[in-house]
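A.B. asks: Numbering (the working numbering), first residue to last: 63 to 741. Quick reminder that beta carbons are idealized off the backbone N, C-alpha and C, glycines included. Values in this document were obtained by computation on a predicted structure and should not be read as measured data.
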């Protein structure tokens, strides 16, 4: 039986497994029930795709994301794997074709949307088919406490029971409560083998910047990354449209996406994003769940996400190919006020609101962190042994100051105005500004009036924002957004605790949004030429560019500059099928015109048999007219040489069974010597 390592290289084009993949693959392939929690972009799909090829029969993959299923099926077919999907997006003829493949036993992987499991036709076909395993992607959707609950997922446990097959479930975001609910609903309470392989995405650069003319901040960031695929998340539909238009006017290939668009227009954007290189999509969080585009190079949040889980999931759409990717999150006091009000005005019970405030607090703590972003982010998910060096705070340690006195002054102003006023009025009191509003309320008579004259308005705004970020104060919906003090602020007000604030963030809007180079200046022209060739091939085939090769694979090619198909086969992401189809084409881009291998030799490229074939060919050329060069020409066909290289005969008798006695007399002994020289 073919090994997992062989399939990894020949089908998927990877030389090594990612951390944790091999153990999960072995468990799934051996028929164990498995729950795997892996980081977004950590290679979850391979953990059920590869076992499906190790065993006979059909693996049924249940996924809530139609676009993702479509991409994975397309990628599998490009790699030579028999895969299909049944979703609401299929035409009747496409569904009939898939059903026919299932019935004939030709299909190895079937992708199904959860709502289709209710179909009696699908259930009957699956019962009659040789289903070996159920694989559940985005397994957290089964949890009613999860952030993407899907009621249709509740049918999966019953399907597993009726088919009597093992189940493997995969997710990137599941706390302990959600994990237990997954086990109960999918595995019937029976403990699966659990693999927890961390949440870190070390290839993603993390950064947060306070808002200071955010439109200009975003334009500066995108200008430096022109030609790269990216997503900008906005808090409102109107902002997606206006920002997309501004980017277009600045010469960027951009479009917008939100839930208010009709389905056809949304599909056009989804299709464009997948097919086009360098498209920027400005979107609400409605966009992205079905996006598995591996070469998204950056994600920007124009507004603060609603929770730490949302942030983690949304930035996780960048750099899925393992290559360098960047994130930028802009935030301000208005974001904090909006998200707090959103929670308070929601219909959730009080305990859920409290939990939502807690998750938002973690995100604010990440935004106002004084040390390593990654350390703060992953600590929430229970990871402590973190090495970073790839975030803005590790790159530029922040300037800080003792903000205790300023915070106490601000808290005093809030308390003495009965916690009914917003930031602007409170700053006027602290600075001693005689406004009409101050005078009407008699706030110029307060002891705190004018006690903060040493700080200008910009600095006071930064202090209030950081106080919100540390959850010392919150806007109160019942008081029309007036700031009220939390329990966390009391020890500071009483002088029992001190607080450190950041001093550098006022200047952060002026930061340089320069791009970290992914490749040297010498290799850049080659990479550009490879991308152009990939784009032409993809457009001709009507498939996304990354189905041909990912950015990471092209970067590897441009840096290593393979000279022949053997060397090309060692590039990460170049499997047997793609080597055969595209290898010579991309070699020609790298090296100019290349010699075309005989198809029999091409099939052996990168394998030990290829080296054997070349030696046999050299021996044959030397002896084609006999040892003295005077005999009648004689040769073996390419298919015979390939057969010798594969079967590796040990004796002249075995050799004769392959090439016959006449050719064995001429070449046999020399061929055996050549085979023995290749270990």
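Exposed or buried, residue 192, counting other C-beta atoms within 10 Å across all chains shown (16 or more means buried)?
C.D. replies: Residue 192 sits at position 130 when you count from the first residue of the chain shown. Label assigned to residue 192: exposed.
A.B. asks: Can you check DSSP and say which residues form a bridge with residue 32?
C.D. replies: Nothing can be reported for residue 32: it is not among the residues displayed for the chain, which extend from 63 to 741.
A.B. asks: What residue range is occupied by the uninterrupted beta strand (DSSP E) comprising residue 482?
C.D. replies: The residue labelled residue 482 in the question sits at position 420 within the chain shown. From DSSP, residue 482 is part of no beta strand (DSSP E); its letter is neither H nor E.
A.B. asks: Measure from the alpha carbon of residue 611 to the alpha carbon of each residue in 136, 509, 549 and 696, then state which is nearest.
C.D. replies: The residue labelled residue 611 in the question sits at position 549 within the chain shown. The shortest C-alpha separation from residue 611 is found at 136.
A.B. asks: Count the other CB atoms, across all protein chains shown, that sit within 10 Å of the CB of residue 760; report buried if there are 16 or more and exposed otherwise.
C.D. replies: Here the chain comprises residues numbered 63 to 741, so residue 760 is not present and cannot be evaluated.
A.B. asks: Since residue 255 sits in a beta bridge, which residues does DSSP pair it with?
C.D. replies: As a working note, residue 255 is residue 193 in the chain shown. Per DSSP, 96.
A.B. asks: Give a yes or no on contact between the stretch 328-340 and the stretch 383-395, applying the rule of three or more CB pairs nearer than 8 Å.
C.D. replies: With a cut-off of 8 Å, the stretch 383-395 and the stretch 328-340 do not count as touching, because too few Cβ pairs lie within range.
A.B. asks: Can the beta-carbon of residue 230 be found closer than 7 Å to that of residue 96?
C.D. replies: Within the chain shown, numbered from 1, the residue matching residue 230 stands at position 168. Within the chain shown, numbered from 1, the residue matching residue 96 stands at position 34. For residue 230 and residue 96, yes; Cβs fall inside 7 Å.
A.B. asks: Should the stretch 614-633 be called in touch with the stretch 582-594, which here means at least 3 C-beta pairs below 8 Å?
C.D. replies: With the cut-off at 8 Å, the stretch 614-633 and the stretch 582-594 touch.
A.B. asks: Within 10 Å of its beta-carbon, does residue 458 have 16 or more other beta-carbons around it, so buried, or fewer, so exposed?
C.D. replies: What you label residue 458 is simply residue 396 of the chain shown in a count that begins at 1. With fewer than 16 other Cβ atoms within 10 Å, it is exposed.
A.B. asks: Looking only at its chain, what residues have a beta carbon closer than 6 Å to the beta carbon of residue 147, apart from the 5 residues adjacent to it on each side?
C.D. replies: The sequence position of residue 147 within the chain shown is 85, counting from 1. Excluding residues within five positions, the ones whose Cβ falls inside 6 Å are 131, 135 and 173.
A.B. asks: If you draw a straight line from the alpha carbon of residue 82 to that of residue 167, how long is it in whole angstroms?
C.D. replies: On the chain shown, position 20 is the one that residue 82 refers to. On the chain shown, position 105 is the one that residue 167 refers to. Using only the alpha carbons, I get a separation of about 31 Å.
A.B. asks: Could you name the residues that DSSP lists as bridge partners for residue 463?
C.D. replies: Reading the chain shown from its first residue, position 401 is the one you call residue 463. In DSSP, residue 463 forms a bridge with 563.
A.B. asks: By the DSSP assignment, the alpha helix (DSSP H) with residue 545 in it spans what residues?
C.D. replies: The count along the chain shown starts at 1 and reaches residue 545 at position 483. No alpha helix (DSSP H) contains residue 545, which is instead part of the beta strand (DSSP E) from 544-547.
A.B. asks: In angstroms, rounded to a whole number, what distance separates the CA positions of residue 282 and residue 307?
C.D. replies: By 1-based counting over the chain shown, the position of residue 282 is 220. By 1-based counting over the chain shown, the position of residue 307 is 245. Cα to Cα, residue 282 sits roughly 15 Å from residue 307.
A.B. asks: Return helix, strand or coil for residue 302, following the three-state DSSP convention.
C.D. replies: Counting from one through the chain shown, the residue named residue 302 turns up at place 240. It is helical.
A.B. asks: Can you give me the start and stop residues for the alpha helix (DSSP H) that residue 145 sits inside?
C.D. replies: Translated into the one-based positions of the chain shown, residue 145 becomes position 83. No alpha helix (DSSP H) contains residue 145, which is instead part of the beta strand (DSSP E) from 145-148.
A.B. asks: The beta strand (DSSP E) that contains residue 126, what's its start and end?
C.D. replies: Looking up residue 126 in the chain shown gives position 64. That residue, residue 126, is in no beta strand (DSSP E); it is neither H nor E in DSSP.
A.B. asks: Below 8 Å, can you find three or more Cβ-Cβ pairs linking the stretch 434-454 to the stretch 494-512?
C.D. replies: No, the stretch 434-454 is not in contact with the stretch 494-512.
A.B. asks: Can you tell me where the beta strand (DSSP E) with residue 232 in it begins and where it stops?
C.D. replies: Here residue 232 refers to the residue found at position 170 when the chain shown is read from its first residue. Looking at the DSSP string, the run of the beta strand (DSSP E) that includes residue 232 is 229-233.
A.B. asks: Grouping DSSP H, G and I as helix and E and B as strand, with all else coil, what is residue 196?
C.D. replies: For this step, residue 196 is matched to residue 134 along the chain shown. Here residue 196 sits in strand by DSSP.
A.B. asks: What does the Cβ neighbour count give for residue 559, buried or exposed, with the cut at 16 atoms within 10 Å?
C.D. replies: Numbered from 1 along the chain shown, position 497 holds the residue referred to as residue 559. Exposed: under 16 other Cβ atoms inside 10 Å.
A.B. asks: Taking residue 375 as the reference, which of 609, 235, 143 and 492 has the closest Cα?
C.D. replies: Residue 375 sits at position 313 when you count from the first residue of the chain shown. Selected option, being the one with the closest Cα: 235.
A.B. asks: Under the three-state reduction of DSSP, which class applies to residue 411: helix, strand or coil?
C.D. replies: Residue numbering aside, residue 411 sits at position 349 when the chain shown is read from its first letter. Looking at residue 411 - three-state DSSP - the assignment turns out to be coil, as it is neither helix nor strand.
A.B. asks: What number of angstroms, rounded off, separates the C-alpha of residue 657 from the C-alpha of residue 649?
C.D. replies: Start at 1 with the first residue of the chain shown, and residue 657 comes out as number 595. Start at 1 with the first residue of the chain shown, and residue 649 comes out as number 587. Per-residue confidence for residue 657 stands at a pLDDT of 49, beneath the threshold of 50, marking its modelled position as unreliable; no derived number is given.
A.B. asks: Using a Cβ-Cβ cutoff of less than 6 Å, which residues in the same chain neighbour residue 739 once the five nearest sequence positions on both sides are dropped?
C.D. replies: Translated into positions along the chain shown, residue 739 becomes position 677. Cβ within range, chain order: n/a, list empty.
A.B. asks: 7 Å is my cut-off, CB to CB: does residue 644 come that close to chain C?
C.D. replies: Annotation note: the requested chain C is absent from the structure, which comprises a single protein chain.
A.B. asks: With DSSP run on the structure shown, which of helix, strand or coil describes residue 625?
C.D. replies: Position 563 of the chain shown, counting from 1, holds the residue named residue 625. Looking at residue 625 - three-state DSSP - the assignment turns out to be coil, as it is neither helix nor strand.
A.B. asks: Under 8 Å by Cβ, that's how I've got residue 536 and residue 546 pegged, so tell me the actual separation to the nearest angstrom.
C.D. replies: Here residue 536 is taken as the residue at index 474 of the chain shown, counted from 1. Here residue 546 is taken as the residue at index 484 of the chain shown, counted from 1. Going by Cβ atoms, the distance from residue 536 to residue 546 rounds to 6 Å, so yes, they are a contact pair.
A.B. asks: Assess contact between the stretch 253-262 and the stretch 100-107, defined as three or more Cβ pairs (one per stretch) separated by less than 8 Å. Is contact present?
C.D. replies: Flag = yes, the stretch 253-262 and the stretch 100-107 touch.
A.B. asks: Can you check which of these residues, 341, 268 and 512, is closest to residue 285 by C-alpha distance?
C.D. replies: As a working note, residue 285 is residue 223 in the chain shown. Considering only alpha carbons, the answer is 341.
A.B. asks: Please look up how many angstroms separate the CB atoms of residue 297 and residue 429, rounded, as I've assumed it's under 8 Å.
C.D. replies: Reading the chain shown from its first residue, position 235 is the one you call residue 297. Reading the chain shown from its first residue, position 367 is the one you call residue 429. With a Cβ gap of about 15 Å, residue 297 and residue 429 do not count as contacting.
A.B. asks: Helix or strand or just coil, what does DSSP make of residue 455?
C.D. replies: Looking up residue 455 in the chain shown gives position 393. Reduced to three states, the DSSP call for residue 455 is helix.
A.B. asks: If you compare alpha carbons, which of 323, 299 and 291 is closest to residue 316?
C.D. replies: Your numbering for residue 316 matches position 254 in the chain shown. Checked all of 323, 299 and 291; the closest Cα to residue 316 is 291.
A.B. asks: Let me check one thing: in DSSP terms, what residues is residue 292 bridge-paired to?
C.D. replies: Residue mapping note: residue 292 aligns to position 230 of the chain shown, counting from 1. Answer by DSSP bridge pairing, in chain order: 342 and 360.
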